[in-house]
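Down below is the structure, laid out as C-alpha cells.
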Amino acid sequence: METRPATAPDQVASMDTGRLRERFLVEDLFRPGEVRLTYSHEDRIVVGGVAGAADLPCPEQLRSEFFLERRELGVVNIGGPGAVTVDGTRHELAAKEVLYVGRGARQVHFDGRFYLVSTPAHTSHPTVRATLDDAEPVRLGSADGSNDRTIYKFIHLKGIQSCQLVLGVTVLEPGSMWNTMPCHTHERRTEVYFYFDLPETDRVVHLMGRPDATRNLIVAPEQAVISPYWSVHCGFGTRSYAFVWAMGGENQAYDDMEPVSIGELR
Numbered sequence: 036m037e038t039r040p041a042t043a044p045d046q047v048a049s050m051d052t053g054r055l056r057e058r059f060l061v062e063d064l065f066r067p068g069e070v071r072l073t074y075s076h077e078d079r080i081v082v083g084g085v086a087g088a089a090d091l092p093c094p095e096q097l098r099s100e101f102f103l104e105r106r107e108l109g110v111v112n113i114g115g116p117g118a119v120t121v122d123g124t125r126h127e128l129a130a131k132e133v134l135y136v137g138r139g140a141r142q143v144h145f146d147g148r149f150y151l152v153s154t155p156a157h158t159s160h161p162t163v164r165a166t167l168d169d170a171e172p173v174r175l176g177s178a179d180g181s182n183d184r185t186i187y188k189f190i191h192l193k194g195i196q197s198c199q200l201v202l203g204v205t206v207l208e209p210g211s212m213w214n215t216m217p218c219h220t221h222e223r224r225t226e227v228y229f230y231f232d233l234p235e236t237d238r239v240v241h242l243m244g245r246p247d248a249t250r251n252l253i254v255a256p257e258q259a260v261i262s263p264y265w266s267v268h269c270g271f272g273t274r275s276y277a278f279v280w281a282m283g284g285e286n287q288a289y290d291d292m293e294p295v296s297i298g299e300l301r
C-alpha cells in the first residue's frame, strides 16, 4: 500500500505537473490477481482496485489485525459480473452495483474488477448490496450545458447506512462531458473521484486547487483523483463517461458544500 501525505493549498503553487500527479492522482490501480491500495492522510481515506481473484490484505500501515478492524469499505463493480465474499457470504455484483462492508468483517475475497474506497469507522453497520434500482437517482444538468447526468446515491444518510463513508456513481448522458459544474468545495470532507466507462484513448481534464488558483490533471480511464477539503473538483472529458464519487470526513450530509460560481474560477 502506497502512502500519500496531506497537502496544504499553499504548497500547490510551487508544484509542476509531475508533482501534482504524484500527490493527487492515483494511476496504477489494477493489476491481475492483486489488490492495489493507496492510503491518503487526507481524512485517512484508502482507495484501491482489484482485477481478478484476490483477498483483501491488511497492510502494515494500518497497524491492525485485519483490514476492517477499524474501517468500513465501499466496493463498486466497474467491470462485468463479479462477486465479493464477506466472511463466507457471497454477494453477486453486476456493473455499477455497490457493496458496503461494515467494520468488523474479517475476510473479504474479490472475484472480478472492483474499485474500493475505505474510511475509518467507529461503529459497525451490516454488509449491504445495492443495485442501480436501489440507489437514489437524481437527474441534473442539461444537454445545452453539456452536463446532462444521473447521480446514483448509494451510501448516504437516506441510503445504505455507514459510519462516515458517502459514495455514489454518476453517469453522463451521450454528448455530455462536464461533471459538477458549477463546482464546489467540501470544508468538512475529502472527496475522491474515480473515472471509468470511457475508451482507453480518451481522457478527463480534472480541475483542482483553490477556486481562485485552479490547476488541472489529465486523467486516463480507471484512475482516481484525491481532492482535499480546500480544493474544487470538477472536470470534462473528451467524451461521456461515468465516475465514482466518495467522501469521508466530518459528516455525511450530501449537500454540505460551499458552492463556487463559474465567474469565481481563475
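Residue numbers for the sequence shown follow this note's numbering, so the first one is 36 and each next one is one higher. Here a beta-carbon is modelled for each residue, glycine too, at the ideal position from N, C-alpha and C. Values in this document were obtained by computation on a predicted structure and should not be read as measured data.
Determine whether the beta carbon atoms of residue i and residue j lie at a separation below 7 Å.
i: Val204; j: Ser153; result: no
i: Gly284; j: Arg223; result: yes
i: Gln47; j: Gly272; result: Looking at the sequence provided, one finds Val at residue 47 rather than Gln. No, the pair does not count as a contact, with Cβ atoms beyond the cut-off.
i: Glu293; j: Thr220; result: yes
i: Arg276; j: Leu207; result: Residue identity differs from the one stated: residue 276 is Tyr in this sequence, not Arg. Contact: yes.
i: Tyr187; j: Pro172; result: yes
i: Val121; j: Ala259; result: no
i: Ala140; j: Leu103; result: yes
i: Val239; j: Val254; result: yes
i: Arg79; j: Glu107; result: no
i: Asp90; j: His160; result: no
i: Pro94; j: Met36; result: yes
What span of residues does the beta strand (DSSP E) with residue i cover, start to end?
i: Thr52; result: Counting along the chain, Thr52 falls outside any beta strand (DSSP E), though it belongs to the alpha helix (DSSP H) covering Thr52 to Phe59.
i: Ser75; result: Val70 to Ser75
i: Ser153; result: Val143 to Pro155
i: His126; result: Thr124 to Leu128
i: Pro172; result: Glu171 to Leu175
i: Arg250; result: Ala248 to Val254
i: Asp291; result: Run containing Asp291: none; DSSP gives neither H nor E here.
i: Glu222; result: No beta strand (DSSP E) holds Glu222; DSSP gives it neither H nor E.
What first and last residue would you give for the alpha helix (DSSP H) that runs through residue i?
i: Phe237; result: The question names Phe, yet the displayed sequence has Asp at residue 237. Where Asp237 is concerned, there is no enclosing alpha helix (DSSP H), given that its DSSP letter is neither H nor E.
i: Gln258; result: Element bounds for Gln258: not the alpha helix (DSSP H) but the beta strand (DSSP E), Gln258 to Ser262.
i: Val47; result: Pro44 to Val47
Residues in its own chain within less than 6 Å of residue i by CB, not counting five upstream and five downstream?
i: Gly176; result: Asn182, Asp183 and Arg184
i: Arg71; result: Leu64, Gly83 and Gly84
i: Thr166; result: Glu132
i: Pro44; result: Arg245 and Trp265
i: His241; result: Leu252, Val254, Val260 and Gly270
If you drop the 5 nearest sequence neighbours on each side, which residues of the same chain put their C-beta closer than 7 Å to that of residue i?
i: Asn286; result: Arg223
i: His157; result: Cys198
i: Val110; result: Val119, Val133, Leu134, Val136, Phe149 and Leu151
Assuming residue i and residue j form a contact by the criterion Cβ under 8 Å, report the distance between their Cβ atoms to the nearest whole angstrom.
i: Glu270; j: Asn214; result: It is worth fixing the name first, because residue 270 is Gly in this sequence and not Glu. Gly270 to Asn214, Cβ: 6 Å. Contact.
i: Phe278; j: Tyr228; result: 5 Å
i: Tyr289; j: His191; result: 6 Å
Output needed for residue i: all residues of its chain with C-beta closer than 8 Å, excluding positions within five of it in sequence on either side, in chain order.
i: Phe231; result: Ile113, Tyr150, Pro256, Glu257, Tyr276, Ala277, Phe278 and Val279
i: Glu226; result: Ser262, His268, Trp280, Ala281 and Met282
- Query: Is there contact between the stretch 97 to 106 and the stretch 245 to 253, where contact requires at least three CB pairs shorter than 8 Å?
  - Reply: no
- Query: Taking three-plus beta-carbon pairs below 8 Å as touching, is the stretch 138 to 158 in contact with the stretch 104 to 121?
  - Reply: yes
- the stretch 55 to 66 contacting the stretch 120 to 132, beta-carbon criterion three pairs below 8 Å: no
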